[in-house]
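Visitor:
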């Protein structure tokens, strides 16, 4: 998966990009854009190689380390010490982006906005890793301890470090 970032045309604009790759056939790009520190971040994804007609967990993980594949990215980015949840939940990790939905060919393309994900400021996600999981994120509602940590989203077939593109 590819992720990169570059400054926008305005002084505070920031655009980041991640290119996702991994041990599986899943790949793609994720672009992050934020106009100012108080503005929500737009996250645009274009992914291929997933299972057809599926929902796959989509998260930002703590470390920008892929030396041991996507496992090295560590847990979900969670600077506030919250439990795992849906992107619309009050209690959630900053890195909880929910699920991406694939079409009949296993492709997922779309845009979402998130007010907790920041490119600007002390809790910036630049240098962290975005991950597509092999399973569906139960959004913290699975009724077990792992659900409150990971959403039971499963293995990590593709990931990419969020970086500055230019």
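In UniProt numbering, the protein residues as written are 1 to 166. Backbone N, C-alpha and C define an ideal beta-carbon position, used for all residues, glycine too. These figures come from a predicted structure and were not determined experimentally.
1. Is it the case that the Cβ atoms of residue 17 and residue 47 are separated by a distance below 8 Å?
2. Would you say the beta carbon of residue 125 is closer than 7 Å to some non-hydrogen atom of the ligand HEM?
3. If we ignore side chains and look at the alpha-carbon of each, how far apart do residue 110 and residue 144 end up?
4. Identify every residue that forms a DSSP beta bridge with residue 192.
5. Threshold first: 4 residues or longer. Then list the alpha helix (DSSP H) segments lying entirely within the UniProt domain "Superoxide dismutase copper/zinc binding" (26-162), N to C.
6. Counting pairs of Cβ atoms below 8 Å between the segment 64-78 and the segment 26-37, do you hit three or more?
7. Determine the direct distance from the alpha carbon of residue 136 to that of residue 160, and round the result to whole angstroms.
8. What does the alpha-carbon distance come out to for the pair residue 70 and residue 128?
9. Could you check if residue 118 is buried or exposed, using at least 16 other CB atoms within 10 Å of its CB as the buried criterion?
10. Look at the Cβ atom of residue 147, then the Cβ atom of residue 84, and state whether they are nearer than 8 Å.
11. Just the C-alpha distance for residue 113 and residue 25, rounded to the nearest angstrom, thanks.
12. Distance check for residue 155 and residue 132, CA to CA, integer angstroms please.
Guide: With the given structure in hand:
1. Within the chain shown, residue 17 is the residue found at index 17, counting from 1. Within the chain shown, residue 47 is the residue found at index 47, counting from 1. No.
2. Summarising the ligand content, the structure contains no ligands, and the ligand HEM is consequently not present.
3. As a working mapping, residue 110 is identified with position 110 in the chain shown. As a working mapping, residue 144 is identified with position 144 in the chain shown. Distance between the alpha carbons of residue 110 and residue 144 is about 30 Å.
4. Nothing about residue 192 can be reported from this structure: the residues present for the chain run from 1 to 166 only.
5. 147-150
6. no
7. As a working note, residue 160 is residue 160 in the chain shown. As a working note, residue 136 is residue 136 in the chain shown. If I take the Cα positions, the gap works out to 19 Å.
8. By one-based count along the chain shown, residue 70 stands at place 70. By one-based count along the chain shown, residue 128 stands at place 128. Their Cα atoms are separated by approximately 11 Å.
9. As a working mapping, residue 118 is identified with position 118 in the chain shown. Under this definition residue 118 is a buried residue.
10. Taking the first residue of the chain shown as position 1, residue 147 is located at position 147. Taking the first residue of the chain shown as position 1, residue 84 is located at position 84. Taking 8 Å as the Cβ cut-off, residue 147 and residue 84 qualify as a contacting pair.
11. Taking the chain shown and counting its residues from 1, the one referred to as residue 113 is at position 113. Taking the chain shown and counting its residues from 1, the one referred to as residue 25 is at position 25. The alpha-carbon atoms of residue 113 and residue 25 are separated by roughly 27 Å.
12. As a working mapping, residue 132 is identified with position 132 in the chain shown. As a working mapping, residue 155 is identified with position 155 in the chain shown. So the two alpha carbons sit approximately 9 Å from each other.
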